[in-house]
Amino acid sequence: MFSQSECELLGITVEYVAGVAHLDRQAYDEPGHVEWPPHPDRLFMALVAAMYRGEPQPAELEALSWLEGQQPPAISASPTNDRSTLTAYWPTNDKLYANRNKEKLLAATCPDDPCVTYWWDEKPKEELLEALRNVTSRMTYLGRSESIVNCWVEEGKRTAAWIPDDQGVLKMRVPYQGRLSELQAFYAAGNRPQPAAWHGYRNTHSPETIQGEWSQLIPLELGKPVDLRQVCPLIEAVRKCFLAACEEPMPSWLSGHTKNGDRLQASHVGLVPLADVGNPYSSGIVYGVGLMIPKSIDAVAASLALAPFLEKTSWIDAKTSIGKVESLRKTVFADTWCRASKTWGTVTPILLPRWPKQESVDSLLLKAIEQAELPVPESIEILQSSPHRGGLGMELVSPPNRYRLHATIKWQSSLAGPVAIGSGRYKGLGFCKAIL
């Protein structure tokens, strides 16, 4: 794994010939948003497609098998300027979406430097290196087909802007051992490829950020909006759907219980409401639910375990469904809740570990912050209602019988989301949003 911004040995450079990258995050449930830099798995899939433009040679297959087994690459990519999102309509022959003729949101961006380089800290033998040169020379686009590129292999040293880091704020899709076989199987079955696993990345030019208990938030969209005051019954209903969909035997980090049925003391998946809050005209309506994945969980293991729930639409009740994000609402995008900030404010009230009888409210709140694997804050302002417009006061439908409060909390260093604090943090309470 790279430990510094200077990296060397094997590099694959992609040059956007027209200076425009047509890249959107539709496959990652964020339509209309630009993906930058292009994720390593997007490059890998493009290399596989390029290899099959001719007759794949054994050395080329071996080279890509070698590449998928390496640690995630560092990435050299410049800042970029996003274009306005375009809305287009057209029919599709895709088997997966053959019954749909809905709008498509097309995102594009203009990087300051049209070249992006992916660096690996290993170098293959010369035969595989030559095979990679042959494959890259056949690659013509990265992103949508109008993203025309030149691609080549290079060796040497270049400063990388993005370094793989398990605690990194930006999550990218990366290939892994067996990804080539997966793509071949999807193609043979006539199906679209499924997204690969996530991995954290850290920008070497940005200040260090702190990561709390969770490292990733997976957004899902509700078919019918729900009042934020209904957060407790809503999260409980989604949790039942979630547990019913996932396959047995279920890992404890998913169920929240040990094999004996006892409550798990370690971190596990949390569910939180994605509500319209924090803007001048916010309504406080819940448009989605987010799954918070503990930072201790391997990305590949999380993807496999969650797939049965994430890949289909589920019904919470007779009128309300939950499934993949299809709208452009920023409320249901992960970035809205995960962007780094020094100051965070509660959207739903924090439940203290116990009633403040022998200990003060301040002391119990600090314990709750420590339990969420967060550092001691610089300052805390305890409130009776959310500091975000549209957030809750103390009114809740079917709340737990615990002491609850709102707060604005400031740390000395930037903190990356998602952030949830208190005894109800796994079930939608104590959920926070950055104050920028």
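Residue numbering for the sequence shown follows the working numbering, starting at 85 and increasing by one per position. By construction, the Cβ of each residue, glycine as well, lies at the ideal position given by its N, Cα and C atoms. Note that the coordinates shown come from a computational prediction; the quantities given were computed from them, not determined experimentally.
Handout entry: Cutoff 6 Å; reference Leu94; Cβ partners in own chain excluding five residues on either side
Key = If we look at Leu94 and ignore the five residues flanking it on each side, its Cβ neighbours are Trp204 and Lys207.
Practice task
Whole angstroms is fine: what's the gap from Lys441's alpha carbon to Ala452's?
Solution key: Computed Cα separation, rounded: 16 Å.
Exercise for the section: Decide yes or no for the touch test of the stretch 475-489 against the stretch 398-416: beta carbon pairs closer than 8 Å, at least 3 of them. Expected result: no
Exercise for the section: State the CB to CB distance for the pair Val322 and Ile377, rounded to an integer number of angstroms; the pair is presumed to be in contact (CB under 8 Å). Expected result: Val322 to Ile377, Cβ: 15 Å. No contact.
Practice task
Report the rounded CA-to-CA distance for Ala389 versus Val353, giving the unit in angstroms.
Solution key: 11 Å
Problem - Phe393 in three-state terms, based on DSSP - result: Phe393: helix per DSSP, three-state reduction.
Problem - Span of the alpha helix (DSSP H), counted from its first residue to its last, around Glu214 - result: Glu210 to Ser221
Exercise for the section: Could you tell me whether the Cβ atoms of Leu264 and Val132 are closer together than 8 Å? Expected result: In this structure, Leu264 lies near Val132, with their beta-carbon atoms less than 8 Å apart.
Handout entry: Contacts around Glu119, its chain only, beta-carbon distance under 7 Å, and the 5 residues preceding and following it disregarded
Key = Leu107, Asp108 and Arg109
Problem - Three-state secondary structure assigned by DSSP to Ala385 - result: helix
Exercise for the section: Kindly examine the ligand FAD and report whether one of its heavy atoms sits closer than 7 Å to the Cβ of Ser265. Expected result: Ligands displayed in this structure: none; no statement on the ligand FAD is therefore possible.
Handout entry: Residue(s) in a DSSP beta bridge with Tyr100
Key = Val233
Handout entry: Residue(s) in a DSSP beta bridge with Gly407
Key = DSSP lists Glu305 as partners of Gly407.
Practice task
Please specify which runs of the beta strand (DSSP E), each continuous and at least 3 residues long, are wholly inside the stretch 411-470, giving them in chain order.
Solution key: 425-430 and 463-467
Practice task
Identify whether Met129 lies in helix, strand or coil by the three-state DSSP scheme.
Solution key: Three-state result, Met129: helix.
Practice task
Please state if the CB of Gly368 and the CB of Leu358 are separated by a distance shorter than 8 Å.
Solution key: no
Practice task
Would you list the residues sitting across from Leu254 in a DSSP beta bridge?
Solution key: Tyr285
Problem - Separation of Gly474 from Ser366, as counted between CA atoms - result: 5 Å
Problem - Boundaries (first-last residue) of the beta strand (DSSP E) holding Ser498 - result: Arg488 to Ala500
Problem - DSSP three-state assignment for Ala182, whether helix, strand or coil - result: Residue placement at Ala182 cannot be trusted, given a pLDDT of 48 that sits under 50; the coordinates are not used to answer.
Exercise for the section: Output yes or no for whether 8 Å exceeds the beta carbon distance between Cys194 and Arg167. Expected result: yes
Handout entry: Nearest to Trp298 (by Cα), restricted to the options Gly252, Gln314 and Phe270
Key = Gly252
Practice task
To the nearest angstrom, report how far apart Ser351 and Tyr487 are at their CA atoms.
Solution key: So the alpha carbons of these two residues sit roughly 22 Å apart.
Exercise for the section: Look at the alpha carbon of Lys517 and the alpha carbon of Ala418, and state the distance between them as a whole number of angstroms. Expected result: When rounded, the distance between both Cα atoms is 11 Å.
Practice task
Verify whether the separation of the beta carbon atoms of Pro122 and Ala147 is less than 8 Å.
Solution key: no
Handout entry: Pro124 and Tyr202 closer than 8 Å at C-beta
Key = yes
Problem - Separation of Glu230 from Ala134, as counted between CA atoms - result: About 15 Å.
Handout entry: Nearest-angstrom beta carbon gap, Ala102 and Trp246 [assumed within contact, 8 Å]
Key = Contact flag wrong, Cβ pair sits at about 23 Å.
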